[in-house]
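Here's the structure we're looking at; comments come further down.
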Amino acid sequence: MSHNDFSTLPLNDALVANLVGLGYQSMTAIQAQSLPPILAGKDVIAQGKTGSGKTAAFGLGLLHHLDVKQFRIQALVLCPTRELADQVASEIRKLARAIHNIKVLTLCGGMPFGPQVGSLEHGAHIIVGTPGRVDDHLRRGTLQLNHLRTLVLDEADRMLDMGFSEVIDGIIQQTPASRQTLMFSATFPAEIEAIARRVMQNPERVEVKAGH
Ligand code: ADP
Ligand code: MG
């Protein structure tokens, strides 16, 4: 057993067994560095280049902290674009195969509201979406985040470049202060530091320069 085996983590055995089925033999560098503090419930800012495996780092973290028996929204992942949100939702569904009846819902702009509202009425454990549309649902009262445990800002640098900073602040105000906040980014501009100061509690910093 190498020190980079997923089985060294305090993760549910079924989640680890499913990773083997996905062909994930060992943790990537960013997973090995960020998963211990994430599983311990800390706020984490992680920087790593594209393809370093950031999705599974926060995906396993939010699944670890989720209680499938409580059918309400416990995790929210904000992504800059619909394409990225779809990719993240698909990866989380794969990681969650070991957990029965997990409901992952995407809420992105450019899609009609009606079906999203219908899906929200049916309920979900995890929302993956773009900031604008998630904010729209909060304002309309079709989405509540008062039971949120994990908030993930994925590709945070791109979301800031796209001008989502204030919208994200507004969304965060609708979440419990007790939540865990995870921020993932390929670069680390000064605005990221400013957001971290506003929305995170004593965050652990993880930086991986090389790929795997
Ligand atoms: P990032 O968000 O850092 O750009 P992704 O999370 O999209 O990277 O992961 C890139 C690719 O690596 C995906 O195809 C994913 O399935 C794969 N991957 C992630 N973690 C592992 C792992 N531990 N072992 C093998 N492949 C992995
Ligand atoms: Mg990514």
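Once you know that position 196 of the sequence shown is 196 in UniProt numbering, the rest is easy, because the numbers rise by one and skip nothing. Where is the CB? At the ideal position from N, CA and C, for every residue including glycine. Note that this is a predicted model, so its numbers are computed, not measured.
Asked                                                                                                               : Found
The region 68-87 contacting the region 142-158, beta-carbon criterion three pairs below 8 Å                         : yes
Cβ pair residue 128, residue 104 closer than 8 Å                                                                    : yes
Distance cut-off 7 Å: residue 193 Cβ against heavy atoms of the ligand NAD                                          : Of the ligands this structure carries, namely the ligand ADP and the ligand MG, none is the ligand NAD.
Own chain partners of residue 38 with C-beta closer than 6 Å, once the 5 adjacent residues on each side are dropped : 44, 61
Cβ-Cβ distance between residue 31 and residue 14 below 8 Å                                                          : no
Candidates 150, 208, 88, 177, of which the one nearest residue 66 by Cα                                             : 150
Three-state secondary structure assigned by DSSP to residue 40                                                      : coil
Whether residue 141 touches residue 71 by CB criterion (8 Å)                                                        : no
Spatial distance of residue 171 from residue 138 (CA atoms)                                                         : 8 Å
Residue 75, DSSP secondary structure in three states                                                                : strand
Residue span of the alpha helix (DSSP H) that contains residue 55, given as start and end                           : 54-64
Cβ pair residue 68, residue 92 closer than 8 Å                                                                      : no
Residue 185 - partner residues in DSSP beta bridges                                                                 : 47
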